[in-house]
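Enquirer: This note's numbering puts the sequence shown at residues 9 to 133. One structure follows; several queries about it will come next.
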Amino acid sequence: MGNLFLREKEKWLTWSLWGLVGAVVTLYTAFSTQTPHLVAISSISVLVVLTWWMQRTRRFDFGRAFKVCFYVLMLSILPAFVLVIMPSDDLNKFDLIFQCLSFATLSLLVCLLCSWIAKRPKQYY
Numbered sequence: 009m010g011n012l013f014l015r016e017k018e019k020w021l022t023w024s025l026w027g028l029v030g031a032v033v034t035l036y037t038a039f040s041t042q043t044p045h046l047v048a049i050s051s052i053s054v055l056v057v058l059t060w061w062m063q064r065t066r067r068f069d070f071g072r073a074f075k076v077c078f079y080v081l082m083l084s085i086l087p088a089f090v091l092v093i094m095p096s097d098d099l100n101k102f103d104l105i106f107q108c109l110s111f112a113t114l115s116l117l118v119c120l121l122c123s124w125i126a127k128r129p130k131q132y133y
């Protein structure tokens, strides 16, 4: 039956460590390539590895998986976004707004997809 009536508490230290690992990978990619697309791909790859791990443990419902995926993605992309993409002088305000909106849309879609993959299957009793 698993934990039918027991709500699991979040281990935010674990998810923060996942986000820190993602931030290190993303910062390394950002400083070595200076390309926003590769920065997004590196942070999403960390999220894919996390989703694979979450799917293997089968303990996550959709809401909890979405919360964790969004938290880890925001932690992993924020340092690279602030240090590399924002200070670039060749972007005007329209380009910066477009990159922010496209990143927000892409990250929301990726988090929804990863949460759907990571959720546990329905259990019939």
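The beta-carbon is built from N, C-alpha and C at its ideal position, and this holds for glycine as well. Computed from a prediction, not measured in an experiment: that's the story for all the values here.
How many angstroms separate the CA atom of Phe39 from the CA atom of Ser84?
Expert: 14 Å
Enquirer: Expressed to the nearest angstrom, what Euclidean distance is found between the alpha-carbon atoms of Val56 and Val32?
Expert: 16 Å
Enquirer: Comparing C-alpha positions only, which one of Trp124, Phe111, Trp60 sits nearest to His45?
Expert: Phe111
Enquirer: What are the start and end residues of each continuous alpha helix (DSSP H) run of 4 or more residues lying completely inside the stretch 63-105, in chain order?
Expert: 70-88
Enquirer: I want to know whether the stretch 73-91 touches the stretch 115-125 - three or more CB-CB distances under 8 Å.
Expert: yes
Enquirer: Just verifying my parser: in three-state terms, what is the DSSP assignment at Gln42?
Expert: coil
Enquirer: Could you check the C-alpha separation between Tyr101 and Leu109 for me, to the nearest Å?
Expert: In the sequence as presented, Tyr is not what sits at residue 101; that position holds Lys. Rounded to the nearest angstrom, the two C-alpha atoms are 12 Å apart.
Enquirer: Does the distance from the C-beta atom of Leu104 to that of Ala48 stay below 9 Å?
Expert: no
Enquirer: At the level of alpha carbons, what is the spacing between Thr34 and Trp26?
Expert: Spanning the alpha carbons of Thr34 and Trp26 requires a straight line of approximately 12 Å.
Enquirer: If you check the beta carbons only, do Cys77 and Thr65 fall under 9 Å apart?
Expert: No. Outside cutoff.
Enquirer: For Val54 and Gly30, what's the separation of their Cα atoms in angstroms?
Expert: 6 Å
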